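Input: a single structure, listed below in structure tokens.
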Amino acid sequence: MQTPIALSDRIHPGEWLGMLGGGQLGRMFCHEAQKLGYKVVVLDPSGNSPAGMVAERHMAAAYDDIVALKELAASTPAVTTEFENVPASSLKQLSASCRVTPGAAAVAVVQDRIAEKAFISAQDIPVAPYCEVRDVSDLEQAQDALFPGILKVARLGYDGKGQQRVSSRAEAIEAFRTFGQIPCVLEAMLPLDYEISVVMARAISGETAIFPIGINTHENGILASTVVAEGLVKEDLAKQAREAALRIAEGLNYQGVMCVEFFVLSDGRLIANEIAPRPHNSGHYTMDACVTSQFEQQVRVMTGMPLGATDLLTPVVMLNILGDCWFNGNASHAREPQWHDILAIPGVSLHLYGKDEPRPGRKVGHINVVGTTIEQAKERARDVIRKMGIRTVLS
Numbered sequence: 001m002q003t004p005i006a007l008s009d010r011i012h013p014g015e016w017l018g019m020l021g022g023g024q025l026g027r028m029f030c031h032e033a034q035k036l037g038y039k040v041v042v043l044d045p046s047g048n049s050p051a052g053m054v055a056e057r058h059m060a061a062a063y064d065d066i067v068a069l070k071e072l073a074a075s076t077p078a079v080t081t082e083f084e085n086v087p088a089s090s091l092k093q094l095s096a097s098c099r100v101t102p103g104a105a106a107v108a109v110v111q112d113r114i115a116e117k118a119f120i121s122a123q124d125i126p127v128a129p130y131c132e133v134r135d136v137s138d139l140e141q142a143q144d145a146l147f148p149g150i151l152k153v154a155r156l157g158y159d160g161k162g163q164q165r166v167s168s169r170a171e172a173i174e175a176f177r178t179f180g181q182i183p184c185v186l187e188a189m190l191p192l193d194y195e196i197s198v199v200m201a202r203a204i205s206g207e208t209a210i211f212p213i214g215i216n217t218h219e220n221g222i223l224a225s226t227v228v229a230e231g232l233v234k235e236d237l238a239k240q241a242r243e244a245a246l247r248i249a250e251g252l253n254y255q256g257v258m259c260v261e262f263f264v265l266s267d268g269r270l271i272a273n274e275i276a277p278r279p280h281n282s283g284h285y286t287m288d289a290c291v292t293s294q295f296e297q298q299v300r301v302m303t304g305m306p307l308g309a310t311d312l313l314t315p316v317v318m319l320n321i322l323g324d325c326w327f328n329g330n331a332s333h334a335r336e337p338q339w340h341d342i343l344a345i346p347g348v349s350l351h352l353y354g355k356d357e358p359r360p361g362r363k364v365g366h367i368n369v370v371g372t373t374i375e376q377a378k379e380r381a382r383d384v385i386r387k388m389g390i391r392t393v394l395s
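Written as structure tokens, this is what we have:
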């Protein structure tokens with residue numbers, strides 16, 4: 001059986017890299033890997049995935065297909081992932097034959113909200129008050145201080161899916177039953193001022209690099225925008241967030257690109273929300289506004305190359321494009337946005353994901369808008385919002 005390459009070994013351009021997952025994050029990884037001269041093999045169940053259509057090779061197979069995983073491991077010296085719900089057991093199987101970043105143990109923690117919250121708390125990092133919910137009795141006995149709250153499924157929730165606001169114990173029990181009485185966490189709702197995220201990379205050697213911190217805005221549980229500029233987040237708060245993210249990465253012995261989302265409360269306190277063991281939507285701005293993008297950083301980690309610089313080159317606003325933009329004005333059928341008008345706006349970079357069908361609530365792309373100043377970038381972004389019909393407001 002093939003054995004994993006040594007930790008000190010570098011994988012050079014021209015060699016193959018493996019990707020578990022065929023979504024847009026995998027697609028953007030492929031583009032960056034190919035720019036650096038690597039070839040990519042994608043394993044994904046879909047026959048027409050965004051990443052699969054741009055990779056040199058696409059293996060259409062389930063993530064737990066033992067035969068396919070063996071074939072993938074034989075095809076490449078290193079494998080990474082683009083979403084956290086790849087079975088940790090699959091990562092463990094692959095690690096017997098090739099380098100896997102991030103590792104199975106780290107992913108196993110963050111793909112379960114119960115384990116994730118316990119881990120973050122163990123690092124002495126504050127989280128929202130919560131309780132584990134495994135049956136109705138847990139909700140019946142939950143502290144009153146957890147209401148109003150948010151009930152979240154422990155596994156497989158993303159972009160606002162698998163969670164529901166509940167104002168009372170009765171509503172929480174009803175929501176728990178609606179979710180099929182699978183394990184959940186109940187979190188107390190806190191007085192939120194805004195949200196920030198720390199996107200960072202940690203190399204196999206333990207070297208770390210942190211990107212500038214962005215302020216995020218969500219609409220209906222889906223990230224709508226990320227704004228990044230020097231001095232936008234107060235330095236004492238940014239320092240707290242960076243230090244917490246580093247403790248999390250080191251505690252997980254993490255290898256790869258990751259994101260830690262934080263809530264900033266009205267009293268200035270910082271609360272860790274969740275960890276994403278992969279490049280993150282809030283880090284897409286790095287593609288046009290930083291020396292190194294988060295996806296190039298992902299390539300650098302798995303190949304054992306030095307991490308790239310993370311300096312911010314320009315103020316930037318990242319706007320998500322949802323399928324809703326194809327249905328503006330209550331249109332009964334999809335209508336292509338007027339890309340000519342959007343691309344006529346200075347500082348605009350368009351990134352579409354090659355998805356076959358725009359649907360309301362579905363991420364189909366993003367736009368990065370840069371400017372000489374953050375106010376100029378915001379004004380240009382507001383023009384994009386108006387012309388695209390994006391449902392968000394920039395403050």
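Position 121 of the sequence shown, counted from 1, bears residue number 121 in the UniProt record's numbering, the numbering being contiguous throughout. Each residue gets a CB set at the ideal place from its N, CA and C atoms; glycine is no exception. Since the model is a prediction, treat every value here as computed from it, not as a measurement.
For residue 237 and residue 270, what's the separation of their Cα atoms in angstroms?
8 angstroms
I need the straight-line Cα distance from residue 166 to residue 103, nearest angstrom please.
35 angstroms
Report buried or exposed for residue 279, applying the criterion of at least 16 other Cβ atoms within 10 angstroms of its Cβ.
buried
DSSP has residue 16 in a bridge; who is on the other side?
39
Residue environment, residue 326, which counts as buried when at least 16 other CB atoms sit within 10 Å
buried
What separation, rounded to the nearest whole angstrom, lies between the Cα atoms of residue 80 and residue 55?
14 angstroms
Please list, in chain order, all residues of the same chain as residue 249 whose beta carbon is under 7 angstroms from its beta carbon, the five residues on each side excluded.
200, 202, 208, 258
Among 353, 105, 378, 305, whose alpha-carbon lies nearest the alpha-carbon of residue 215?
378
Separation of residue 337 from residue 220, as counted between CA atoms
22 angstroms
Hey, out of 32, 182, 106, whose CA is closest to residue 138's CA?
182
Return yes when the Cβ of residue 43 is within less than 8 angstroms of the Cβ of residue 61, no when it is not.
yes
For the beta strand (DSSP E) containing residue 164, name the first residue and the last one.
163-166
Limits of the unbroken beta strand (DSSP E) element including residue 247:
Note, residue 247: premise wrong, no beta strand (DSSP E); alpha helix (DSSP H) at 235-251.
To the nearest angstrom, report how far apart residue 82 and residue 27 are at their CA atoms.
9 angstroms
Assign residue 357 to one of two classes, buried (16 or more other C-beta atoms within 10 Å of its C-beta) or exposed (fewer than that).
exposed
Consult DSSP for residue 258 and reduce its assignment to one of helix, strand or coil.
strand
Work out the CA separation of residue 178 and residue 320 for me, nearest whole Å.
29 angstroms
Touching by the beta-carbon criterion (3+ pairs, under 8 angstroms), the stretch 121-132 and the stretch 293-300
no
For residue 204 versus residue 304, is the C-beta spacing smaller than 8 angstroms?
yes
At the level of alpha carbons, what is the spacing between residue 260 and residue 227?
16 angstroms
Three-state secondary structure assigned by DSSP to residue 286:
helix
Euclidean distance between Cα positions of residue 375 and residue 342:
18 angstroms
Would you list, in sequence order, the uninterrupted alpha helix (DSSP H) runs of no fewer than 4 residues that lie entirely inside the stretch 281-356?
286-289, 294-303, 339-343
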